[in-house]
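*Asks:* After the structure tokens below, expect a handful of questions from me.
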Amino acid sequence: MMKSLLPQSQLRRSSVATAARSAAGGDGSAADGGGGAGAGAKAPASSTFWFLLHALCCLISLFLGFRFSRLLFFLLFSTTALYHSTTSSSSAAVLRATTTTTTTTTTTTTTTNTFTLSFAAANPPPSNPANRTALEAAAAGADKGGTSGNPQSHVVVGRHGIRIRPWPHPDPVEVMRAHQIMERVQEEQRRWYGVKEPRQVLVVTPTYSRAFQALHLTGLLHSLRNVPYPLTWIVVEAGGSTNATASLLARSGLTFVHIPFPDRMPHEWADRHATENRMRIHALRAIRERKMDGVVVFADDSNVHSMELFDEVQKVQWMGAVSVGILAHTGTAEQPRLSEEEKQNMPLPVQGPACNSSGHLAGWHTFNSLPFSGKTATVVGEAAPVLPKGLEWAGFVLNSRMLWKDAEGKPDWVKDLDAVGENGEEIENPLNLLNDPSSVEPLGNCGKKVLLWWLRVEARADSKFPQGWVIEPPLDVVVPAKRTPWPETTTELPSELLEDKQEQDDRRLSRANKSSRPRSTTKRQGKEN
Amino acid sequence: MGTWGARAPPLAVAALLLLAVVVAAQDTERIEGSAGDVLEDDPVGRLKVYVYELPTKYNKKMVAKDSRCLSHMFAAEIFMHRFLLSSAIRTLNPEEADWFYTPVYTTCDLTPWGHPLPFKSPRIMRSAIQFISKRWPYWNRTEGADHFFVVPHDFGACFHYQEEKAIERGVLPLLRRATLVQTFGQKDHVCLKEGSITIPPYAPPQKMKTHLVPPETPRSIFVYFRGLFYDTANDPEGGYYARGARASVWENFKNNPLFDISTDHPPTYYEDMQRAVFCLCPLGWAPWSPRLVEAVVFGCIPVIIADDIVLPFADAIPWEEIGVFVAEDDVPKLDTILTSIPMEVILRKQRLLANPSMKQAMLFPQPAQPGDAFHQILNGLARKLPHGKDVFLKPGQKVLNWTEGPRGDLKPW
Chain C
1 MMKSLLPQSQ LRRSSVATAA RSAAGGDGSA ADGGGGAGAG AKAPASSTFW
51 FLLHALCCLI SLFLGFRFSR LLFFLLFSTT ALYHSTTSSS SAAVLRATTT
101 TTTTTTTTTT TTNTFTLSFA AANPPPSNPA NRTALEAAAA GADKGGTSGN
151 PQSHVVVGRH GIRIRPWPHP DPVEVMRAHQ IMERVQEEQR RWYGVKEPRQ
201 VLVVTPTYSR AFQALHLTGL LHSLRNVPYP LTWIVVEAGG STNATASLLA
251 RSGLTFVHIP FPDRMPHEWA DRHATENRMR IHALRAIRER KMDGVVVFAD
301 DSNVHSMELF DEVQKVQWMG AVSVGILAHT GTAEQPRLSE EEKQNMPLPV
351 QGPACNSSGH LAGWHTFNSL PFSGKTATVV GEAAPVLPKG LEWAGFVLNS
401 RMLWKDAEGK PDWVKDLDAV GENGEEIENP LNLLNDPSSV EPLGNCGKKV
451 LLWWLRVEAR ADSKFPQGWV IEPPLDVVVP AKRTPWPETT TELPSELLED
501 KQEQDDRRLS RANKSSRPRS TTKRQGKEN
Chain D
1 MGTWGARAPP LAVAALLLLA VVVAAQDTER IEGSAGDVLE DDPVGRLKVY
51 VYELPTKYNK KMVAKDSRCL SHMFAAEIFM HRFLLSSAIR TLNPEEADWF
101 YTPVYTTCDL TPWGHPLPFK SPRIMRSAIQ FISKRWPYWN RTEGADHFFV
151 VPHDFGACFH YQEEKAIERG VLPLLRRATL VQTFGQKDHV CLKEGSITIP
201 PYAPPQKMKT HLVPPETPRS IFVYFRGLFY DTANDPEGGY YARGARASVW
251 ENFKNNPLFD ISTDHPPTYY EDMQRAVFCL CPLGWAPWSP RLVEAVVFGC
301 IPVIIADDIV LPFADAIPWE EIGVFVAEDD VPKLDTILTS IPMEVILRKQ
351 RLLANPSMKQ AMLFPQPAQP GDAFHQILNG LARKLPHGKD VFLKPGQKVL
401 NWTEGPRGDL KPW
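Here the protein sequences line up with chains C and D, keeping their order. According to full-length UniProt numbering, the first sequence holds residues 1 to 529 in order. According to full-length UniProt numbering, the second sequence holds residues 1 to 413 in order.
See the structure below:
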């Protein structure tokens, strides 16, 4: 069976133990074959063997005491009786009883105990009637009854073997099953404690064609694919829709709406902010026209979103605000050096709702761009920090019904979308959509949890990114591979290789030049070259 | 519930009931033990308890000497006394009482490290019983058969921490007829008397409540355990402590990534339990431990590795449906056992654990709340009423032998 003995190390400790193990080894370790082995040990024994064993035990008891040798003999003689049906339990029980008495002495008795208990452990729990007689015998035998004192119980007090299976390592099939169990448990948790009726998420992304567009859109695409709610991606592209964007969206597997925006994206950051705002309003108008229902999330293509954001926005009633981490220090060659004091006093680079002690919205925490004044990028692609201007749209979420012409329960502190921007004023941030900005709900544990990060990274103006990320003509060699001789690279190859391959060079040269097969002509051509 | 449907002819009524059962089954399930749906019973009006007034040396002075008694896992005896003093089921008239309670704290003699010493407990208990039998006639009327005592020590009223010695002593002779309210429970064990009420050990409810995490935090640990595997101080070679079961858990599963087991004492112990699917509750020197209470409160399915253990309120709570029982011999196969439990069974266990009455029944909150462990103890006592014929003795009849027991116990305290 699967049982082995832990204290092999203890057994190794004393030489006694090895002797004992070898003597009782046949009937000790393996549970099943014990009886046969025991009998086998006895059958071919000659008198000299017994004499030698006796002598050995005498020697041992000189060092370690009388008890050990007595017990050893007891074991040797009782093993044959062990595996008979009814009487086995009696001897096993007696063995158990003896273990309790011998625990008083130290090392040797522990070694005997361990393999003694291999019998005890190996025996299946004896049936009740046998046990009762056995234990009565044991009790009568003036050994302390090791059991719980009641004849019916088979739980034994005293030292037990430590059961270890032969291969105590995880089974991959079971690991997979455990993971499936955990997934199912988590799904059930979501069903009980999570969002009861998940609403569709409407993601509004303004974008335009530039070197990093594919980079940003691919990242956002993968984030959105992982959102566990029904989702529609509304992509507004400045300068009209391009085929590249259209094919990327088509390959994404998401439900999308690709809206072209007639104006081109300007090169200055300030103007880019303004154009993006107009693009977002354009998207909101589209939502209104199509009467799309759900939660509107403003996901700029270069931002990074956490999955908790999408769980949190399900809780929004009309308009909510989340905390956005502002990553303004990236993509720059020289960064403004701040003194230690400045660093200490720097406010958190987070935009989010600020709550009072009762958990209600008290105001806004915005990004402080004062330390950066004068050192920020003005043109897209410039090597300087790009900062948010005022409140970023990314930190707000809306219920799309707020945008509809008529929706039940629409609060009166929401302006009608058509009325917004009528007079040509700039819509700086979503608060302009409201009459009363104090009714915005703070989400994410009242803004304590940053759920997304705002980042603006664009390629430098002088960088040469391939159009559509397709390399044409194919890449040329900058560093040659060591063993493959290239044409026109003899000067760069190390000298030993030149010596090796000088003969083959001519032939290879001609092959590269795509000359004809006959040898004479190639040689001629090579020489000519 | 079902019998009404059987009797009422209209199908609509039956359908409504079925719908109610189905709806109820989806959120949390009602917990019904062998005694029926009794977790939410109100004991008020079902029994009356008279609390003896003992001299303070039996109770208050002990707590004053060492206030650690109020926060260790044996504190149930103290809080039960306090609860009964101000409870609605208390009666000041002993003639109408069904049960008599003796407030003697036998587990409050602590070593400097906080472990209770049981050596004086038999004498303390004996002295208390002598006091009440002399002052009031109610003990002699029944020789204690309508009295109950709270004995939350390792092996209950056997008053010893070593199992062999406890078995040798057996239940204190004077308590042989009384009802014992104890944490220890093991089938066919000398120290579990017939008719005893097993209770959970004390776990501080306030402390556990402050460590709650949102319930939607996904459970991402498969099996969790923190505690000793080898008691190197008392059992260096192993095999004695926990009957080798804890050592077996360690040796078999220390390399298994599904098992988050160690001897650490992390500050996030309670939070981690709430992120685990299974929590191991193996026996230690005694089969019971506060781990069971913690697992139930934090919604982690308890994996009980203690042969023949009797769990708290076993007649009110169907533990086989809530926890997983693994025989000590089967510990090497623990991973196979746990991963082959069918999914519906696991989800059902979690639903049962999520039932607030289940969690409440395991706790001893201050002040007491309906459905908590105090009320479950009273319910258990109420279920034993009315008293049988052999409770009241004929005048002059004597059953208990007052001089029985080791000589050291007979010394006055």
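Note that CB positions come from ideal geometry on N, CA and C, so glycine has one too. Predicted model only: the values in this text are computed from it and were never measured.
1. Please list the partners that residue 125 of chain D has in chain C, where partner means a Cβ-to-Cβ separation under 9 angstroms.
2. Specify the secondary structure class of residue 282 of chain D as computed by DSSP and reduced to three states.
3. Can you find the residues in the same chain that come closer than 7 angstroms, C-beta to C-beta, to residue 322 of chain D, ignoring five residues on each side of it along the sequence?
4. State buried or exposed for residue 135 of chain D, treating a residue as buried only when at least 16 other CB atoms are found within 10 Å of its CB.
5. Cα separation between residue 285 of chain D and residue 278 of chain D?
6. Mapping DSSP to helix, strand and coil, what is residue 224 of chain C?
7. Beta-carbon separation of residue 452 of chain C and residue 306 of chain C under 8 angstroms?
8. Compare the beta carbon distance of residue 49 of chain D and residue 105 of chain D with 8 angstroms and say whether it is the shorter of the two.
9. Touch check for the region 310 to 328 of chain D and the region 187 to 202 of chain D: three-plus C-beta pairs under 8 angstroms?
10. Can you list, in chain order, the residues of the region 186 to 211 of chain C whose Cβ is nearer than 8 angstroms to any Cβ on chain D?
11. Going along the chain, which residues of its own chain have a beta-carbon closer than 6 angstroms to the beta-carbon of residue 442 of chain C, five neighbours each way excluded?
12. With 8 angstroms set as the bound, which would you pick, yes or no: does the beta-carbon of residue 159 of chain D sit closer than that to a beta-carbon of chain C?
13. The beta strand (DSSP E) with residue 353 of chain C in it runs from where to where?
14. Going by Cα to Cα distance, which pick from D:203, D:168, D:34 is closest to residue 373 of chain D?
15. Taking residue 161 of chain C as the query, report the chain D residues whose CB atoms sit under 7 angstroms from its CB, ordered along the chain.
16. Classify residue 71 of chain D as buried or exposed, calling it buried when 16 or more other Cβ atoms lie within 10 Å of its own Cβ.
17. Less than 7 angstroms between C-beta atoms, sequence neighbours within five positions excluded: which residues of the same chain meet that for residue 266 of chain C?
18. Under 7 angstroms Cβ-Cβ, which residues of chain C neighbour residue 222 of chain D?
19. Answer with buried or exposed for residue 364 of chain C, where buried requires no fewer than 16 other C-beta atoms within 10 angstroms of its C-beta.
20. Below 7 angstroms CB to CB, which residues in the same chain sit around residue 427 of chain C once its five sequence neighbours on both sides are set aside?
21. Should residue 67 of chain D go down as buried or exposed, given a rule of 16 or more other Cβ atoms within 10 Å for buried?
22. Look at the alpha carbon of residue 162 of chain C and the alpha carbon of residue 282 of chain D, and state the distance between them as a whole number of angstroms.
23. Under 9 angstroms between beta-carbons, which chain C residues line up against residue 215 of chain D? List them in chain order, please.
24. Could you tell me whether the Cβ of residue 317 of chain D comes closer than 8 angstroms to any Cβ of chain C?
25. For residue 445 of chain C, does the count of other Cβ atoms within 10 angstroms reach 16, so buried, or fall short, so exposed?
26. Around the C-beta of residue 358 of chain D, are 16 or more other C-beta atoms found within 10 angstroms, so that it is buried, or is it exposed?
27. Who are the near neighbours of residue 261 of chain D in its chain, counting only those whose CB is closer than 6 angstroms to its CB and skipping five residues on each side?
28. Of all the beta strand (DSSP E) runs that stay within the bounds of the region 208 to 240 of chain D, which reach a length of 3 or more residues?
29. To be precise: take each residue of the region 296 to 313 of chain D, compare its Cβ to all Cβ atoms of chain C, and keep it if any distance is under 7 angstroms. Which residues remain?
30. Using 8 angstroms as the limit for Cβ to Cβ distance, is residue 135 of chain C near chain D?
31. Is it the case that the CB of residue 324 of chain C approaches a heavy atom of the ligand GTP more closely than 7 angstroms?
32. Runs of 4 residues minimum, wholly inside the region 99 to 139 of chain D: which ones carry the alpha helix (DSSP H) assignment?
33. Using 8 angstroms as the limit for Cβ to Cβ distance, is residue 335 of chain D near chain C?
34. From residue 45 of chain D to residue 89 of chain D, what distance separates their C-alpha atoms?
35. How would you list, in chain order, the residues of chain D whose beta-carbon sits under 8 angstroms from the beta-carbon of residue 170 of chain C?
36. Which two residues bound the contiguous alpha helix (DSSP H) that contains residue 356 of chain D?
*Replies:* In short:
1. Walking along the second sequence from the start, residue 125 of chain D turns up at place 125. Those do not exist, as residue 125 of chain D stays about 20 angstroms from chain C at its closest Cβ, beyond 9 angstroms.
2. Residue numbering aside, residue 282 of chain D sits at position 282 when the second sequence is read from its first letter. Reduced to three states, the DSSP call for residue 282 of chain D is strand.
3. Here residue 322 of chain D corresponds to residue number 322 of the second sequence, with the count starting at 1. Excluding residues within five positions, the ones whose Cβ falls inside 7 angstroms are 349, 352, 353.
4. The residue labelled residue 135 of chain D in the question sits at position 135 within the second sequence. When all chains shown are included, residue 135 of chain D counts as exposed.
5. Stepping through the second sequence from its first residue, residue 285 of chain D is reached at position 285. Stepping through the second sequence from its first residue, residue 278 of chain D is reached at position 278. Going by the C-alpha atoms only, they are around 22 angstroms apart.
6. As a position in the first sequence, residue 224 of chain C is number 224, starting the count at 1. If DSSP states are grouped into helix, strand and coil, residue 224 of chain C belongs with the helices.
7. For the purposes of this step, residue 452 of chain C is identified with residue 452 of the first sequence, where counting begins at 1. For the purposes of this step, residue 306 of chain C is identified with residue 306 of the first sequence, where counting begins at 1. Yes; because the gap between Cβ atoms is below 8 angstroms, this pair is in contact.
8. Numbered from 1 along the second sequence, position 49 holds the residue referred to as residue 49 of chain D. Numbered from 1 along the second sequence, position 105 holds the residue referred to as residue 105 of chain D. No.
9. yes
10. 186, 188, 189, 190, 192, 193, 194
11. The sequence position of residue 442 of chain C within the first sequence is 442, counting from 1. Excluding sequence neighbours, residue 442 of chain C sits near 321, 353, 355, 361.
12. Locating residue 159 of chain D in the second sequence gives position 159, counting from the first residue. No, residue 159 of chain D lies away from the interface with chain C (no Cβ there is under 8 angstroms from its Cβ).
13. Residue mapping note: residue 353 of chain C aligns to position 353 of the first sequence, counting from 1. 350 to 355 is the extent of the beta strand (DSSP E) around residue 353 of chain C.
14. Here residue 373 of chain D corresponds to residue number 373 of the second sequence, with the count starting at 1. Here the closest residue by C-alpha is D:203.
15. Indexing the first sequence from 1 puts residue 161 of chain C at position 161. Result: 239, 244.
16. For the purposes of this step, residue 71 of chain D is identified with residue 71 of the second sequence, where counting begins at 1. Exposed is the call here.
17. In the first sequence, counting from the first residue as 1, residue 266 of chain C sits at position 266. So the list reads 272, 275, once near-sequence residues are dropped.
18. Taking the second sequence and counting its residues from 1, the one referred to as residue 222 of chain D is at position 222. Residues of chain C passing the Cβ test: 178, 182.
19. What you label residue 364 of chain C is simply residue 364 of the first sequence in a count that begins at 1. So residue 364 of chain C ends up on the buried side.
20. Taking the first residue of the first sequence as position 1, residue 427 of chain C is located at position 427. Closer than 7 angstroms at the Cβ level, and outside the excluded window around residue 427 of chain C, lie 277, 281, 420, 421.
21. Counted from its first residue, the second sequence places residue 67 of chain D at position 67. So residue 67 of chain D ends up on the exposed side.
22. Position 162 of the first sequence, counted from the first residue, corresponds to residue 162 of chain C. Position 282 of the second sequence, counted from the first residue, corresponds to residue 282 of chain D. Whole-angstrom Cα-Cα distance: 14 angstroms.
23. Position 215 of the second sequence, counted from the start, is the residue given in the question as residue 215 of chain D. Under the 9 angstroms cutoff, chain C gives 189, 192, 193.
24. Numbered from its first residue, the second sequence carries residue 317 of chain D at position 317. It does not: the Cβ of residue 317 of chain D has no partner Cβ on chain C nearer than 8 angstroms.
25. Along the first sequence, one-based indexing puts residue 445 of chain C at 445. That one is exposed.
26. Position 358 of the second sequence, counted from the first residue, corresponds to residue 358 of chain D. Residue 358 of chain D should be labelled buried.
27. Stepping through the second sequence from its first residue, residue 261 of chain D is reached at position 261. Closer than 6 angstroms at the Cβ level, and outside the excluded window around residue 261 of chain D, lie 225.
28. 221 to 226
29. 307, 308
30. Taking the first sequence and counting its residues from 1, one reaches residue 135 of chain C at position 135. Any answer about residue 135 of chain C is weak, because its pLDDT of 35 lies below 50 and its placement is not dependable; what the coordinates show is given next. Taking Cβ atoms only, chain D never reaches closer than 8 angstroms to residue 135 of chain C, which makes this a no.
31. In the structure shown, the ligand GTP is absent, as is every other ligand, since no ligand is present at all.
32. 121 to 135
33. Stepping through the second sequence from its first residue, residue 335 of chain D is reached at position 335. Chain C, which has a Cβ nearer than 8 angstroms to the Cβ of residue 335 of chain D, makes this yes.
34. As a first step, residue 45 of chain D is located in the second sequence; it is residue number 45 there, counting from the start. As a first step, residue 89 of chain D is located in the second sequence; it is residue number 89 there, counting from the start. If you take the alpha carbons of residue 45 of chain D and residue 89 of chain D, they lie about 7 angstroms apart.
35. Taking the first residue of the first sequence as position 1, residue 170 of chain C is located at position 170. Correct list: 255, 256, 257, 258, 335.
36. The residue you call residue 356 of chain D lines up with position 356 of the second sequence. Per DSSP, residue 356 of chain D belongs to the alpha helix (DSSP H) from 356 to 361.
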